[in-house]
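Engineer:
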Amino acid sequence: MSTPRIGVLALQGAVAEHARALQAAGAEVSTVRRPTELQGLDGLIVPGGESTTMARLAAPVHLMEAIRERHAEGMAMFGTCAGMILMADQILDAEALTGFERIGGLDVVVRRNGYGSQLDSFTGALPVSGLPEDDLSPLQAVFIRAPVIESVGSAVEVIASWQDRPVAVRQGRVLAASFHPELTPDHRLHQHFVQLAGARLNS
Amino acid sequence: MTTEATTPATEATGATAVNTGLAQMLKGGVIMDVVTPEQARIAEEAGAVAVMALERVPADIRATGGVARMSDPDLISGIIETVSIPVMAKARIGHFVEAQILEHLKVDYIDESEVLSPADYVHHIDKSKFKVPFVCGATNLGEALRRITEGASMIRSKGEAGTGDVSEAMKHIRTINAEIARLTSLAEDELYLAAKDLQAPYALVKQVAREGRLPVVLFVAGGVATPADAAMMMQMGADGVFVGSGIFKAGNPAERAAAIVKATTYFDDPAVITEASKGLGEAMVGINVADLPAPHRLAERGW
Numbered sequence: 367m368s369t370p371r372i373g374v375l376a377l378q379g380a381v382a383e384h385a386r387a388l389q390a391a392g393a394e395v396s397t398v399r400r401p402t403e404l405q406g407l408d409g410l411i412v413p414g415g416e417s418t419t420m421a422r423l424a425a426p427v428h429l430m431e432a433i434r435e436r437h438a439e440g441m442a443m444f445g446t447c448a449g450m451i452l453m454a455d456q457i458l459d460a461e462a463l464t465g466f467e468r469i470g471g472l473d474v475v476v477r478r479n480g481y482g483s484q485l486d487s488f489t490g491a492l493p494v495s496g497l498p499e500d501d502l503s504p505l506q507a508v509f510i511r512a513p514v515i516e517s518v519g520s521a522v523e524v525i526a527s528w529q530d531r532p533v534a535v536r537q538g539r540v541l542a543a544s545f546h547p548e549l550t551p552d553h554r555l556h557q558h559f560v561q562l563a564g565a566r567l568n569s
Numbered sequence: 129m130t131t132e133a134t135t136p137a138t139e140a141t142g143a144t145a146v147n148t149g150l151a152q153m154l155k156g157g158v159i160m161d162v163v164t165p166e167q168a169r170i171a172e173e174a175g176a177v178a179v180m181a182l183e184r185v186p187a188d189i190r191a192t193g194g195v196a197r198m199s200d201p202d203l204i205s206g207i208i209e210t211v212s213i214p215v216m217a218k219a220r221i222g223h224f225v226e227a228q229i230l231e232h233l234k235v236d237y238i239d240e241s242e243v244l245s246p247a248d249y250v251h252h253i254d255k256s257k258f259k260v261p262f263v264c265g266a267t268n269l270g271e272a273l274r275r276i277t278e279g280a281s282m283i284r285s286k287g288e289a290g291t292g293d294v295s296e297a298m299k300h301i302r303t304i305n306a307e308i309a310r311l312t313s314l315a316e317d318e319l320y321l322a323a324k325d326l327q328a329p330y331a332l333v334k335q336v337a338r339e340g341r342l343p344v345v346l347f348v349a350g351g352v353a354t355p356a357d358a359a360m361m362m363q364m365g366a367d368g369v370f371v372g373s374g375i376f377k378a379g380n381p382a383e384r385a386a387a388i389v390k391a392t393t394y395f396d397d398p399a400v401i402t403e404a405s406k407g408l409g410e411a412m413v414g415i416n417v418a419d420l421p422a423p424h425r426l427a428e429r430g431w
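See the structure below:
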């Protein structure tokens, strides 16, 4: 079985944390700031950070369009927090993102900073379905000025919820979470993503 | 809403994962000083990851003198309402009531800052008493670790604010890097003396020696005025940069701000930094730190 090659979008944000988690999950990791760096990737993580900053940095090099094209060709995607916002088909309170290209492809409606300001940031333990070996032991989730998933389309599977709201979802080869699995030592979601990205390789 | 703790990012202080985590989300970004909601909007439009609300930018604090304090709460609320990115605001060193006000206003981060006039020349704010995170300045590793011990979730090297002279920023990041590198080379039984010399807790010193980096995010501040300055700080290993007077004291703030954001992301690519540096108009005039009489050096505030 060959090792899946996973990129981390490195315009801004928690890049090193994702890279470390991916390495621990057995992937070959590289960073992506230019469209050419998407070549040969089986998967791409779009990290947490500021979606407004990333959208502006991506625009001059048409990076969001390139990611969308590579995803259409089969590259898996995993978005956390800001990354999920950039993958969502619809964003509420998106004024600061107006006019900027996004990735899209995930049939959800999200609300930026929906959980409030930093004083409302929180952590919680939650079970995630579909992890390797159906391991449902709770995963520590860190929510930081997190986006709320307001609703999901029919093709979207909710794999984790917090207080009756979806906080992690999967749609085909797209994975997304409101929280930050890269900040805790539990790498099961990254392992899940590496398997998802690698599935095409080995099929 | 539950707040059960995850693994603390710093074993020795218990700074919370959400507070050190927000700083991690700002990495690779530029935090810009703003004094009005309009400036905050310009900063967000240029790609800032956060804005720092204050009454006067450091260059103006220098020019007008007098006691510099926390901003008017109305101004801070106005900025919070205007932008979607995190809003930071400055409190005076040791002024825990200004910090209480800023927490009540729901700012996302408090900067206990030497740029304002200190309120206490002996004690810093006990930041562990607050739920809101703090960023603090440091000129060396010992100072950084003392601030982390008090509860800071993020450190910025001080530089010399309001000068547009990057030499002090360079000195402080080099000092911190060198002191960390030295710790990693020491034998374990030498770390007790190192902790004594650094005037920092042994547990934190041991953690830094093992990991080869600060336990929290380290930004650079104080004198960054051009895309090249920002890229140099990133090449020195900074996690990101604060730009104070450098943007809104320059000829073309919106373009300069966007150019600094770009140079921070592509810090290792001279072609991009060159392009970003073109046609920005006048940079802030600036003051050479060497020409500043010692009592006017802000970096010497805090201990």
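From first to last, the protein sequence lines stand for chains A and B.
The opening position of the first sequence corresponds to residue 367 in this note's numbering, with each subsequent residue numbered one higher.
The opening position of the second sequence corresponds to residue 129 in this note's numbering, with each subsequent residue numbered one higher.
Glycine included, C-beta positions come from ideal geometry on N, C-alpha and C.
Counting contacts by CB-CB distance shorter than 8 angstroms, is Glu-383 (chain B) in contact with chain A?
Structural biologist: Cβ-Cβ to chain A under 8 angstroms: no for Glu-383 (chain B).
Engineer: Going by DSSP, name the residue or residues bridged to Gln-456 (chain A).
Structural biologist: Paired residue(s): A:Val-475.
Engineer: Answer with yes or no whether the minimum CB distance from Ala-356 (chain B) to chain A is below 8 angstroms.
Structural biologist: No, Ala-356 (chain B) lies away from the interface with chain A (no Cβ there is under 8 angstroms from its Cβ).
Engineer: Determine the direct distance from the alpha carbon of Arg-436 (chain A) to that of Gly-372 (chain B), and round the result to whole angstroms.
Structural biologist: If I take the Cα positions, the gap works out to 39 angstroms.
Engineer: So, are the CB atoms of Val-185 (chain B) and Gly-287 (chain B) less than 8 angstroms apart?
Structural biologist: Contact flag unset, no.
Engineer: Using beta carbons (cut-off 8 angstroms, strictly below), is Thr-418 (chain A) in contact with chain B?
Structural biologist: Taking Cβ atoms only, chain B reaches closer than 8 angstroms to Thr-418 (chain A), which makes this a yes.
Engineer: Per DSSP, which one or two residues make a beta bridge with Thr-397 (chain A)?
Structural biologist: Note: Thr-397 (chain A) sits in a beta bridge opposite A:Val-374.
Engineer: Going by C-alpha distance, which of B:Ser-313, B:Lys-257 and B:Val-243 is nearest Arg-284 (chain B)?
Structural biologist: It is B:Val-243.
Engineer: Which residues in chain B have a C-beta closer than 8 angstroms to the C-beta of Ala-521 (chain A)? List them in chain order.
Structural biologist: None at all; the shortest Cβ gap to chain B is about 29 angstroms.
Engineer: Can you find a C-beta in chain B that's less than 8 angstroms from the C-beta of Val-374 (chain A)?
Structural biologist: It does not: the Cβ of Val-374 (chain A) has no partner Cβ on chain B nearer than 8 angstroms.
Engineer: Contact criterion: CB-CB distance below 8 angstroms. Does Ala-438 (chain A) meet it with respect to chain B?
Structural biologist: Not closer than 8 angstroms to any Cβ of chain B, the Cβ of Ala-438 (chain A) fails to qualify, so no.
Engineer: What residue range does the beta strand (DSSP E) around Arg-536 (chain A) cover?
Structural biologist: Arg-536 (chain A) -> beta strand (DSSP E) spans 531-537.
Engineer: Which residues, taken in chain order from the stretch 236-251 of chain B, show a beta carbon closer than 9 angstroms to some beta carbon of chain A?
Structural biologist: Per Cβ criterion, the list reads Asp-236 and Tyr-237.
Engineer: Thinking just about the alpha-carbon of each residue, which of B:Val-250, B:Asp-248 and B:Asp-202 is nearest to the one in Leu-233 (chain B)?
Structural biologist: Here the closest residue by C-alpha is B:Asp-202.
Engineer: Here's the rule: buried if 16 or more other CB atoms are within 10 angstroms of the residue's CB, otherwise exposed. What is Tyr-320 (chain B)?
Structural biologist: So Tyr-320 (chain B) ends up on the exposed side.
Engineer: Let me know if Gln-335 (chain B) comes out buried or exposed under the rule of 16 or more other beta-carbons within 10 Å of its beta-carbon.
Structural biologist: When all chains shown are included, Gln-335 (chain B) counts as buried.
Engineer: How big is the Cα-Cα spacing for Glu-383 (chain A) and Val-294 (chain B)?
Structural biologist: So the alpha carbons of these two residues sit roughly 29 angstroms apart.
Engineer: Mind checking Glu-209 (chain B): buried by the 16 CB within 10 Å criterion, or exposed?
Structural biologist: By the neighbour-count rule (16 or more Cβ atoms within 10 Å), Glu-209 (chain B) is not buried but exposed.
Engineer: With DSSP as the reference, label Leu-562 (chain A) as helix, strand or coil.
Structural biologist: Residue state, collapsed to three classes: helix.
Engineer: Would you call the stretch 438-457 of chain A in contact with the stretch 506-516 of chain A, where contact means no fewer than 3 C-beta pairs closer than 8 angstroms?
Structural biologist: Yes: the two stretches touch, three or more of their Cβ pairs being nearer than 8 angstroms.
Engineer: Is the stretch 460-472 of chain A touching the stretch 480-495 of chain A in the sense that three or more CB pairs, one from each, lie closer than 8 angstroms?
Structural biologist: Cβ pair count under 8 angstroms is below three, so no.
Engineer: Could you work out which residues of chain B lie near Thr-464 (chain A), taking near to mean beta carbons separated by less than 7 angstroms?
Structural biologist: Going along chain B, no residue has its Cβ under 7 angstroms from Thr-464 (chain A), so there is no contact; the nearest lies around 11 angstroms.
Engineer: What are the residues in the stretch 305-317 of chain B lying within 8 angstroms of chain A by C-beta distance?
Structural biologist: Correct list: empty, as no residue qualifies.
Engineer: Consider the Cβ of Ser-396 (chain A): report whether some Cβ of chain B lies at a distance smaller than 8 angstroms.
Structural biologist: With 8 angstroms as the cut-off, Ser-396 (chain A) does not count as an interface residue toward chain B.
Engineer: Anything in chain A within Cβ reach of Tyr-394 (chain B), meaning under 8 angstroms, just list it in chain order.
Structural biologist: What Tyr-394 (chain B) touches in chain A: Arg-399.
Engineer: Is there a Cβ of chain A sitting closer than 8 angstroms to that of Ala-145 (chain B), yes or no?
Structural biologist: Yes - at least one Cβ of chain A is within 8 angstroms of the one on Ala-145 (chain B).
Engineer: Strictly under 8 angstroms for the Cβ-Cβ distance: is Gln-152 (chain B) near chain E by that measure?
Structural biologist: In the structure shown, chain E does not exist; the protein chains are A and B.
Engineer: Going by beta carbon distance, what residues of the same chain come within less than 6 angstroms of Met-129 (chain B), once the five residues before and after it are set aside?
Structural biologist: Confidence at Met-129 (chain B) is low in this model, with a pLDDT of 33, below 50, so the placement of that residue should be treated as unreliable; the coordinate-derived value is given next. The answer is none, since no qualifying residue turns up.
Engineer: Does the CB of Phe-444 (chain A) have a neighbour CB from chain B at under 8 angstroms?
Structural biologist: False, the Cβ-Cβ gap to chain B never drops below 8 angstroms.
Engineer: Return yes when the Cβ of Leu-182 (chain B) is within less than 8 angstroms of the Cβ of Ala-219 (chain B), no when it is not.
Structural biologist: No. Outside cutoff.
Engineer: Does the CB of Ser-226 (chain B) have a neighbour CB from chain A at under 8 angstroms?
Structural biologist: The amino acid occupying residue 226 (chain B) in the given sequence is Glu; Ser does not appear at that position. So, not an interface residue.
Engineer: List, in chain order, every chain A residue whose beta-carbon is nearer than 7 angstroms to that of Pro-261 (chain B).
Structural biologist: Going along chain A in sequence order, the residues near Pro-261 (chain B) (Cβ under 7 angstroms) are Gln-484.
Engineer: If you measure from the beta carbon of Ala-133 (chain B) to each beta carbon in chain A, is any gap under 8 angstroms?
Structural biologist: Residue confidence is low: Ala-133 (chain B) scores 39 on pLDDT, short of 50, so the model does not pin down where it sits. No coordinate-derived value is stated.
Engineer: What does Ile-401 (chain B) pair with, by DSSP beta-bridge criteria?
Structural biologist: Ile-401 (chain B) pairs with nothing; no bridge assigned.
Engineer: Can you tell me where the alpha helix (DSSP H) with Thr-277 (chain B) in it begins and where it stops?
Structural biologist: First-last of the alpha helix (DSSP H) with Thr-277 (chain B): 269-277.
Engineer: Give the range of the alpha helix (DSSP H) segment to which Arg-436 (chain A) is assigned.
Structural biologist: Start and end: 429-438.
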